[in-house]
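Residue numbers (full-length UniProt numbering): 1 to 185.
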């Protein structure tokens with residue numbers, strides 16, 4: 001996966017969505033990014049690409065957090081599940097919550113992996129499905145409800161992935177960011 005998690009054409013669209021969701025005007029966004037209002041407008045329209053620092057700042061704004069009671073309840077449901085499931089930030093792949101059945105597969109304590117990106121453990125099949133998400137409209141308002149596919153396997157002892165059927169379900173969190181429920185079927 002490229003260093004930047006958002007594809008070059010998507011940051012402007014993501015910025016506009018974030019602003020609208022949080023009812024932030026372009027002037028205020030310009031202050032947050034330390035740029036002019038016209039720069040925000042050009043980013044959103046795709047006329048101007050974001051510089052790497054602004055891109056990173058946007059990714060940090062869009063990263064999923066479990067700050068509200070409702071989001072924490074979702075995390076508890078994942079943590080209490082008897083099935084091998086985990087919840088990650090849909091953008092950064094940071095581990096947000098994990099069931100005991102999934103955590104039992106890890107070679108390290110869950111506490112060492114929470115908040116860390118699991119991307120480095122993906123298989124080629126998972127990477128291929130991740131790259132196809134934009135074409136499927138995954139991050140759109142009318143996103144597909146779920147995606148099922150064969151995972152392939154990796155050679156990691158820390159976070160092993162065995163050949164299995166996997167289901168991704170995109171879940172909008174209270175602040176408008178998205179998490180992904182990952183289920184082994």
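Even glycine gets a Cβ: it sits at the ideal position worked out from N, Cα and C.
If you draw a straight line from the alpha carbon of residue i to that of residue j, how long is it in whole angstroms?
i	j	result
residue 225	residue 135	Within the shown structure, residues of the chain are numbered from 1 to 185, placing residue 225 beyond reach of any answer.
residue 40	residue 176	20 Å
residue 9	residue 120	With a pLDDT of only 46 at residue 9, under the threshold of 50, the placement of this residue in the model should not be trusted; the figure read from the coordinates follows. So the two alpha carbons sit approximately 24 Å from each other.
residue 128	residue 158	22 Å
residue 179	residue 117	13 Å
Quick check on DSSP: helix, strand or coil for residue i?
i	result
residue 184	strand
residue 168	strand
residue 156	coil
residue 42	helix
residue 121	helix
residue 93	coil
residue 11	helix
residue 130	helix
residue 33	helix
residue 4	In this prediction, residue 4 has a pLDDT of 42, which is less than 50 and means its spatial position is unreliable; nothing more can be read from the coordinates.
residue 22	coil
Assuming residue i and residue j are in contact, meaning their beta carbons sit under 8 Å apart, how far apart are those beta carbons, in whole angstroms?
i	j	result
residue 97	residue 75	4 Å
Going by the beta-carbon positions, is the gap between residue i and residue j smaller than 7 Å?
i	j	result
residue 115	residue 102	no
residue 171	residue 123	no
residue 43	residue 15	yes
| field | Given 8 Å, three or more beta-carbon pairs between the region 23-42 and the region 136-145 | value | Between the region 23-42 and the region 136-145, the count of Cβ pairs shorter than 8 Å is below three; the stretches do not touch.
| Looking at C-beta atoms only, is the number of pairs between the region 140-160 and the region 47-65 that lie closer than 8 Å three or more? | Contact between the region 140-160 and the region 47-65 is absent, because fewer than three Cβ pairs lie under 8 Å.
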